[in-house]
Each structure stands twice: as structure tokens, then as C-alpha cells.
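Participant: Quick one: structure below, then a few questions.
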Amino acid sequence: MTDSNSPHLLIAGETGSGKSSMVRVILSTLIQHLPPESLQLYLGDLKNSEFHFLRRVQHVKKVCMEEVEMEVMLNQLWMEIIKRRKCMEKYEVDHVNEYNKVTTEEKLPYILICIDEVAMLEDENDSMKIIRKISAVGRSLGVFLMLSMQRPDATVIDGKLKVNMTVRMGFQCDSSLNAGIIGTPGSELLEQSGQMIFKLKGLKKVQAPELKLEKAKKLVAPFRMTKEIEVSTEVKEEPLFGVLDDEE
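Following UniProt numbering, the numbering of the sequence shown begins with 1 at its first residue and continues without gaps.
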């Protein structure tokens, strides 16, 4: 998240492949390394199963559990992007880091939008349109995407989105077709949970660290607040508001 080359991230893998553990690793590590005034997390938990342990973490601003509420959140985040553009135009800078160095106003935190099982938004055209726009312009403005899914879907991960998701993690999948959709050929041949094909300026087979849910809860416990953040399960007319220990 430190420069304009910082990537958006796409993760795919079937049940039991290690995908969910990898998502926990990334989020837990970011929470430990960046203070809440420097990082805000907006989470889409469309399966209602992945992000329960993060709801009271200070960095987490909102958790959405329904597709329709996700659209509301994404629209509000797009308005935040427009606001950030205007802030940077005012100071004649082209990256959030440069803005934070020169501004006399409030500094802008990084924003990470993490959506688990993004394929469930397949029929949500407005939401997917905003996700594609964020993938194209968000990085220099400090707004990043991390999208995960069990089964790669070419109707969701189309060419416009895929070209901007420059880092990809392909865990075990059931066919070369699905491996090709995410752009990690060979992930259909992986034999062990936690193995992935990592794509960043080339392809590499990697063994990902394992982070069980109970360990993740302990890692983020120091960053919990007493009041639980907003968890959305229906549409409301309200404004939107470290180092990982080795697993044994």
C-alpha cells in the first residue's frame, strides 16, 4: 500500500484449499502493522462465515452480509474516491502518500475493501461496475481491493477487472479452465492444502502459511474495541460511515 504499484489482490481456491486461511493471514498482518488511523477495512462477508472475528476490531468500519447492502457501501466508497481526487487536485499531487506529506488537513488513511465470495455479486451489475472502476483508479488514491472466491467465474472476473488485479493467488481448483480464469495455470494440479500458484511478474508455486481461526482471534484481540462496529444485513438509510507468529 505504499506506492502506486501496490497491487489489488485476487484469491481463488476450492473448499479446504487454504484460501480462507490466507485471507486471515493478510488481514491479521495488516491489522498488526498499521494503526487504525492509517488503515480502514470494509468487509463483504457474503457467506456470513469469514469475518465474524473481525467485527470489533478498530480498523473495521463496516461488515456487509447482503448483496444489496454491499451496493450501498460500494457507492459510498466511490464517493470517497471522488472526494480524494479533489483533495489531490487541490495540492497538485497524484498519490495519497504525497498528499499526506503536504496537506494541512486531515490525512487520508488507506482503505482496503475485502469481499469474500465475490462471485455472489455476479447478478449485481451496479456493484460489479463500481468494483471495476475502483480496480482501475483506486490504488493511487489509497483504495485497494482484495477479492476472493471458491470457483473462478469468467462472468465476474472479466477482462476489465482481471487486468487490474495484478497479484493473484490460485489455490487448489478442479480444472485447468478455472485455473486459467484466474490466471494461475497449474493450480488444478496442486495436491496439498495451502499450496498455491502465486502470480506477480511471473508464476511461482508457494506454500502459504496456515492461520487457524482461533489463532487469528488471539492476534487481533489487542485491537478490539468495546463497542461492536456496524454489521449490515439489510438496507438502511444511514451514512457509511505486528508480525504474524509462526503456526505450530
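Ideal Cβ placement from N, Cα and C applies to all residues, glycine included.
Does the structure place the segment 29-40 close enough to the segment 100-114 that three or more beta carbon pairs sit under 8 Å?
Facilitator: Yes, the segment 100-114 touches the segment 29-40.
Participant: Can the beta-carbon of Ile31 be found closer than 7 Å to that of Phe223?
Facilitator: As a first step, residue 31 must be located in the sequence shown, where it is residue number 31. As a first step, residue 223 must be located in the sequence shown, where it is residue number 223. Yes. Within cutoff.
Participant: Which one of Ile115, Gln207, Val206 has the shortest CA to CA distance from Leu10?
Facilitator: The residue labelled residue 10 in the question sits at position 10 within the sequence shown. Here the closest residue by C-alpha is Ile115.
Participant: Since Arg168 sits in a beta bridge, which residues does DSSP pair it with?
Facilitator: Locating residue 168 in the sequence shown gives position 168, counting from the first residue. The partner list for Arg168 (beta bridge, DSSP) reads Leu10, Lys199.
Participant: Taking only three categories from DSSP, how would you classify Cys87?
Facilitator: By one-based count along the sequence shown, residue 87 stands at place 87. Cys87 falls in the helix class under three-state DSSP.
Participant: Any heavy atom of the ligand ZN closer than 6 Å to the CB of Ser187?
Facilitator: This structure simply doesn't include the ligand ZN, nor any ligand for that matter.
Participant: Could you tell me whether the segment 91-103 touches the segment 17-28, using the rule of 3 or more Cβ pairs below 8 Å?
Facilitator: No: fewer than three Cβ pairs fall under 8 Å.
Participant: Give me, in chain order, the residues of the same chain whose beta-carbon lies closer than 6 Å to that of Trp78; leave out the 5 immediate sequence neighbours on both sides.
Facilitator: For this step, residue 78 is matched to residue 78 along the sequence shown. Around Trp78: Ile130.
Participant: Going residue by residue through the segment 82-143, where are the continuous alpha helix (DSSP H) segments of at least 4 residues, counting only ones entirely within it?
Facilitator: 96-102, 125-137, all fully within the segment 82-143.
Participant: Quick one: Cα of Leu121 to Cα of Leu161, how far?
Facilitator: Looking up residue 121 in the sequence shown gives position 121. Looking up residue 161 in the sequence shown gives position 161. Taking the straight line from one Cα to the other gives about 14 Å.
Participant: Determine the burial state of Gly13: buried for a count of at least 16 other Cβ atoms within 10 Å of its Cβ, exposed for fewer.
Facilitator: In the sequence shown, counting from the first residue as 1, residue 13 sits at position 13. Looking at its Cβ environment, which holds 16 or more other Cβ atoms inside 10 Å, Gly13 is buried.
Participant: Keeping to the same chain, check which residues put their C-beta closer than 8 Å to that of Ser127; ignore five residues upstream and five downstream.
Facilitator: Walking along the sequence shown from the start, residue 127 turns up at place 127. If we look at Ser127 and ignore the five residues flanking it on each side, its Cβ neighbours are Glu67, Met70, Glu71, Leu74, Leu121.
Participant: Just the Cα atoms here: how many angstroms apart are Met165 and Leu147?
Facilitator: The residue you call residue 165 lines up with position 165 of the sequence shown. The residue you call residue 147 lines up with position 147 of the sequence shown. Going from the Cα of Met165 to the Cα of Leu147 covers about 9 Å.
Participant: Are Phe171 and Gly44 close, meaning C-beta to C-beta below 7 Å?
Facilitator: As a position in the sequence shown, residue 171 is number 171, starting the count at 1. As a position in the sequence shown, residue 44 is number 44, starting the count at 1. Contact: no.
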